[in-house]
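Report on the following structure.
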Amino acid sequence: MRKRYAFKVICTITAGGLMLGCFDTATETTSTSTTASSSEYTTILENYSQKVVVATYADMKNSAGVLHTMVEAFVANPDSQALLDSAGGAWKAVRTPWEASEAFLFGPAAFMGLDPALDSWPVDRQQLNDVLASDLTLDEASVDLLGPVVKGFHTIEYLLFREGAVRTADSLTARERDYLAAVSGILADNTEQLWAAWATGEYEGGTGTPYAKELAKAGSAGSRYMTPADGVSEVIEGMMVICDEVANGKIADPANENDVTLVESQFSWNSLRDFQDNMRSVRNSYTGAYHKSGESATYGLSDYVKTVDADLDTRILSAIDDAIQAIGAIPYPFRDNLTDAGVTTAIDKCNAVLETLDKELKPIIL
Amino acid sequence: MSPRTVNDSRGARGAALALKTAVGAAVLTTTVLNGCVEPTGAGYAGSHTGAAIDSKALSAGDLTVFTSSVTAYDTPTEIVAGNSKMYKRFLRGDVLWERPRVANPADIEGTGGLGPLYTGYSCASCHQGAGRTKSTLFTHGGTGVGFSSFLVFIRTPNGEYFREYGRVLHDQATYGAEPEGKLRVTYTEKCYEFPDGEQYCLITPHYTITDWYATEIPEAELIMSVRTPCRQVGLGPMMALDRNELRKLAGIDYPEYGISGELNWIPERGRWHIGVSGLKAQHADLTVELGFLSNMGVTNDRFPDEVAEGQPQVTEDFGIEVTMKDMADVDYYLHNLGVPARRNVGDPEVRRGEEMFYRAKCHLCHTPTLHTGPEPPTLIDGTALPHLTNQTIHPYSDFQLHDMGPELGDDYDQFNASGDEWRTAPLWGIGLQMVVNGHMHLLHDGRARTFVEAIMWHKGGEGDVSYQLFRKMKKTDRDALVRFLKSL
Numbered sequence: 001m002r003k004r005y006a007f008k009v010i011c012t013i014t015a016g017g018l019m020l021g022c023f024d025t026a027t028e029t030t031s032t033s034t035t036a037s038s039s040e041y042t043t044i045l046e047n048y049s050q051k052v053v054v055a056t057y058a059d060m061k062n063s064a065g066v067l068h069t070m071v072e073a074f075v076a077n078p079d080s081q082a083l084l085d086s087a088g089g090a091w092k093a094v095r096t097p098w099e100a101s102e103a104f105l106f107g108p109a110a111f112m113g114l115d116p117a118l119d120s121w122p123v124d125r126q127q128l129n130d131v132l133a134s135d136l137t138l139d140e141a142s143v144d145l146l147g148p149v150v151k152g153f154h155t156i157e158y159l160l161f162r163e164g165a166v167r168t169a170d171s172l173t174a175r176e177r178d179y180l181a182a183v184s185g186i187l188a189d190n191t192e193q194l195w196a197a198w199a200t201g202e203y204e205g206g207t208g209t210p211y212a213k214e215l216a217k218a219g220s221a222g223s224r225y226m227t228p229a230d231g232v233s234e235v236i237e238g239m240m241v242i243c244d245e246v247a248n249g250k251i252a253d254p255a256n257e258n259d260v261t262l263v264e265s266q267f268s269w270n271s272l273r274d275f276q277d278n279m280r281s282v283r284n285s286y287t288g289a290y291h292k293s294g295e296s297a298t299y300g301l302s303d304y305v306k307t308v309d310a311d312l313d314t315r316i317l318s319a320i321d322d323a324i325q326a327i328g329a330i331p332y333p334f335r336d337n338l339t340d341a342g343v344t345t346a347i348d349k350c351n352a353v354l355e356t357l358d359k360e361l362k363p364i365i366l
Numbered sequence: 001m002s003p004r005t006v007n008d009s010r011g012a013r014g015a016a017l018a019l020k021t022a023v024g025a026a027v028l029t030t031t032v033l034n035g036c037v038e039p040t041g042a043g044y045a046g047s048h049t050g051a052a053i054d055s056k057a058l059s060a061g062d063l064t065v066f067t068s069s070v071t072a073y074d075t076p077t078e079i080v081a082g083n084s085k086m087y088k089r090f091l092r093g094d095v096l097w098e099r100p101r102v103a104n105p106a107d108i109e110g111t112g113g114l115g116p117l118y119t120g121y122s123c124a125s126c127h128q129g130a131g132r133t134k135s136t137l138f139t140h141g142g143t144g145v146g147f148s149s150f151l152v153f154i155r156t157p158n159g160e161y162f163r164e165y166g167r168v169l170h171d172q173a174t175y176g177a178e179p180e181g182k183l184r185v186t187y188t189e190k191c192y193e194f195p196d197g198e199q200y201c202l203i204t205p206h207y208t209i210t211d212w213y214a215t216e217i218p219e220a221e222l223i224m225s226v227r228t229p230c231r232q233v234g235l236g237p238m239m240a241l242d243r244n245e246l247r248k249l250a251g252i253d254y255p256e257y258g259i260s261g262e263l264n265w266i267p268e269r270g271r272w273h274i275g276v277s278g279l280k281a282q283h284a285d286l287t288v289e290l291g292f293l294s295n296m297g298v299t300n301d302r303f304p305d306e307v308a309e310g311q312p313q314v315t316e317d318f319g320i321e322v323t324m325k326d327m328a329d330v331d332y333y334l335h336n337l338g339v340p341a342r343r344n345v346g347d348p349e350v351r352r353g354e355e356m357f358y359r360a361k362c363h364l365c366h367t368p369t370l371h372t373g374p375e376p377p378t379l380i381d382g383t384a385l386p387h388l389t390n391q392t393i394h395p396y397s398d399f400q401l402h403d404m405g406p407e408l409g410d411d412y413d414q415f416n417a418s419g420d421e422w423r424t425a426p427l428w429g430i431g432l433q434m435v436v437n438g439h440m441h442l443l444h445d446g447r448a449r450t451f452v453e454a455i456m457w458h459k460g461g462e463g464d465v466s467y468q469l470f471r472k473m474k475k476t477d478r479d480a481l482v483r484f485l486k487s488l
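Take a look at the structure:
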């Protein structure tokens, strides 16, 4: 969900195509400027798809594989605190690319139900406890049939962490360990599917066309996007959705209610890092590079905006950086600082990004 | 809630920039329409730059939103987004609509109540992005894992409910409880040709229920109607429709085309209501209370008993599991979703397709223009919504019941609606279903996989004239008509 605005502007033009002017009720102008040709949009979308989306999902699937391996190693050596600690670290390492993917929850993540499957919140502890207390075989196949509310990141988090720290190895029951191995395996499968949907087109229910290709082909036959600009709009609106979510959902909800039970990633106390990675997702989408890839940016939205309005480009980048910094300035852990003044600042800074994207970036894309 | 400024900050800088860039775009790519410029590209015909908006693009007047992305169905109207108090209530409803319910006792207050029997774990499980989640009919061959994005209405041939099962087959259950049964579907495919030789294929579903929780119901004693989720586009303006206009429409018949719509009338809360909501217009409201109970197993003031009440697996009574305030906020959210603007209204191919739409007489039931009335609709808690009144809207539906022939019929009558009758599906926003939900399944049970298939299912019944006319069109004309539908 998000909000939108419409600008009320009137333009007139002669039959020959000469611009006479545009005006709204408040201002009048006769300025002209460049606009992107379809090929520029296509380049932006190609780079975005590969360098941001596929790169982020590749990191996520690799990290999820590591998490699964770590958990299995721990399950084989249940007395090893070191292995459990490594699994905790591995969970945080998968969390980064996932949170840094939340500016693109459109396409396969939405269609395949993978957002709820991976990130369902809250954890259904009652059902989880019932499953653990039962005699159900706890392998991937049987746990997979249980539905999203007892799977995904937060179920794994709940099994690995308490009060911001990795649990002690001896506090996990054998059933908890088996369950942990099963849900970690399922998480690895899901992240593999998400990557494949974008990168190879080979995924359950797929049409055979990688989503990266379809988005880059926006405006051509066979793409669900009728014009290249529709593709770019999807990217920008994806960025806006997560700004709105971080500001007015993830941070504001628990802060307004002063309710720690509403805090995301509350068992690991990873919340502030989650939120920062969300805003990095916005930055990555804008610049055209995944921040952890180490690759230099190719032609991205930012480069295009620079050619239209260099000042706007600077303002967008600094607004995003301000937001990331403001979230970092909230004292750790978020759950203990819901009423800190820094919370309001962070909300405002994230909303400021949203506002700039909506009112200034969005209208450029025609 | 942060003070999200909207109207007050929609000023100088943003607007000026919008001006500047709109001009630039217009110079490069324009079509001249009625002497006014129409920037193409994102294809709003001026919309979000505001330039000379073709009124056809404004799907719902002031309630139109300008987005063509995955959030197209899930965006509040400007009126709501621009008022922090309204936006706050909208967001609250949105969260409740989207967040999974968990089994009681829940860790977080107000999130519990799921099951023991249910069909989906949240509203959004079946209405992803306020649209229609790709049905598990197509992804799982029927009953899904954790949720099933369809409903199965069951009853006896005499129209009675089965005592052991009730009105709906609940094919999901929280851990430890047993679902009432499972649905399986198989399809037979049959291919046909247009007169010009192009092929199209239609799939006919065959439904069976297995794993009955209690007494197995033999097929001969069972009537079942399987229905996939409706898109939640335009629910507010739909509830605000001018009832007099609907009554007038009911009185207009086209005997030369065999078309004659009628309204559904619903007796509820002590009086009769015109039904507009639901696939057979069988509901007097947006069924938030019914949805919480029947789809998620969440008891509430209106429906205080579990759907599994009386079954031995209901062992614990958790009382009322969702408050009236929460449900009313969900109702508020639904009523205040905007309707996405049309795109590419000026595209010559789209305009030709629109002409074909009329030529095929689609418009006789898929009525392009209606109005919301002078009376504000009210929510389940009595909140009146005056901002939904007096709008010119383009739902592409007459909200009447039409006989669609026995092939689409389900033998399941609801009030005035016979087994073969269905409410004309509103088409607004339908061109974005592929972007929002990633599939093109259409009709009540999703059996049509493309626009063309949906049209070709109109054979027999009141849609037959359009079926015949579309069938005889040249391929280029059929393609144009589909392109027009994609612009909706």
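Residue numbers (the numbering used here), protein chains in the order written: chain A, 1 to 366; chain B, 1 to 488.
For glycine and all other residues, C-beta sits at the position ideal for the given N, C-alpha and C.
Pull up the distance between the alpha-carbon of residue i and that of residue j, whole angstroms please.
i, j, result
"LEU118/A", "PHE357/B", "42 Å"
"ARG471/B", "ARG351/B", "20 Å"
"SER135/B", "PRO205/B", "13 Å"
"HIS157/B", "ASP413/B", "The identity of residue 157/B in the sequence shown is Pro, whereas the question assumes His. Distance between the alpha carbons of PRO157/B and ASP413/B: 11 Å."
"LEU180/A", "THR227/A", "45 Å"
"GLU355/A", "THR314/A", "15 Å"
"PRO395/B", "ALA480/B", "20 Å"
"TRP198/A", "THR389/B", "44 Å"
"GLU316/B", "ASP130/A", "15 Å"
"ALA72/B", "MET434/B", "11 Å"
"GLU198/B", "LYS475/B", "8 Å"
"THR75/B", "LEU357/A", "16 Å"
Residue i lies in the beta strand (DSSP E); which residues open and close that run?
i, result
"PRO228/A", "Per DSSP, PRO228/A belongs to no beta strand (DSSP E); it is in the alpha helix (DSSP H), 228-245."
"TYR179/A", "Per DSSP, TYR179/A belongs to no beta strand (DSSP E); it is in the alpha helix (DSSP H), 174-199."
"HIS402/B", "401-403"
"THR339/A", "No beta strand (DSSP E) holds THR339/A; DSSP gives it neither H nor E."
"ARG227/B", "223-227"
I'd like to know if residue i contacts chain A, where contact means its C-beta is closer than 8 Å to some C-beta of that chain.
i, result
"PHE470/B", "no"
"ILE108/B", "yes"
"MET434/B", "yes"
"THR315/B", "no"
"GLN128/B", "yes"
"PRO100/B", "yes"
"LEU117/B", "no"
"GLY41/B", "In this prediction, GLY41/B scores a pLDDT of 41, lower than 50, which makes its location untrustworthy; no coordinate-derived value is stated."
Would you grab the beta carbon distance between residue i and residue j for me? Rounded to a whole angstrom, and I think it's under 8 Å.
i, j, result
"VAL276/B", "MET327/B", "That belief does not hold up - the Cβ atoms of VAL276/B and MET327/B are roughly 20 Å apart, past 8 Å."
"VAL492/B", "GLY142/B", "No answer is possible for residue 492/B: it lies beyond the span of chain B, which begins at 1 and ends at 488."
"LEU169/B", "VAL339/B", "The pair is not a contact, with the Cβ atoms about 33 Å apart (cut-off 8 Å)."
"ALA454/B", "ASN264/B", "In fact, because the Cβ distance is near 22 Å, the residues do not count as touching under 8 Å."
Spell out whether any CB of chain B is found under 8 Å from the CB atom of residue i.
i, result
"SER233/A", "yes"
"GLN193/A", "no"
"PRO148/A", "yes"
"GLN126/A", "yes"
Looking at the ligand PLP, does it come within less than 7 Å of residue i, judged from the CB to the closest heavy atom?
i, result
"ILE320/A", "Ligands displayed in this structure: none; no statement on the ligand PLP is therefore possible."
Which stretch, first to last residue, makes up the alpha helix (DSSP H) that contains residue i?
i, result
"CYS123/B", "123-126"
"GLN199/B", "Here GLN199/B belongs to no alpha helix (DSSP H); instead the beta strand (DSSP E) covers 199-210."
"LEU151/B", "No alpha helix (DSSP H) contains LEU151/B, which is instead part of the beta strand (DSSP E) from 151-155."
- Is it true that the segment 189-203 of chain A meets the segment 53-72 of chain A, where meeting means three or more beta-carbon pairs spaced less than 8 Å apart? In this structure the segment 189-203 of chain A touches the segment 53-72 of chain A; the number of beta carbon pairs closer than 8 Å is three or more.
- Task: Decide yes or no for the touch test of the segment 86-102 of chain A against the segment 133-149 of chain A: beta carbon pairs closer than 8 Å, at least 3 of them.
- Result: No, the segment 86-102 of chain A is not in contact with the segment 133-149 of chain A.
- Task: For the segment 212-232 of chain B and the segment 142-152 of chain B, state whether three or more C-beta atom pairs, one from each stretch, are separated by less than 8 Å.
- Result: Yes, they touch.
- Task: Assess, as a yes-or-no matter, whether the segment 210-223 of chain A is touched by the segment 64-84 of chain A under the definition of 3 or more beta carbon pairs within less than 8 Å.
- Result: When Cβ pairs closer than 8 Å are counted between the two stretches, the segment 64-84 of chain A is seen not to touch the segment 210-223 of chain A, the count staying below three.
- Message: For the structure I just gave you, are there three or more beta carbon pairs, one from the segment 395-403 of chain B and one from the segment 423-441 of chain B, closer than 8 Å?
- Response: These segments touch.
- Message: Assess contact between the segment 370-382 of chain B and the segment 235-252 of chain B, defined as three or more Cβ pairs (one per stretch) separated by less than 8 Å. Is contact present?
- Response: Result yes; three or more Cβ-Cβ pairs closer than 8 Å.
- If you pair each beta-carbon of the segment 110-118 of chain B with each one of the segment 164-174 of chain B, do three or more pairs fall below 8 Å? With the cut-off at 8 Å, the segment 110-118 of chain B and the segment 164-174 of chain B touch.
- Message: Can you confirm whether the segment 330-338 of chain A touches the segment 261-270 of chain A when touching is taken to mean that 3 or more C-beta pairs between the two stretches lie within less than 8 Å?
- Response: As far as the Cβ criterion goes, the segment 261-270 of chain A touches the segment 330-338 of chain A, which means the pair count is three or higher.
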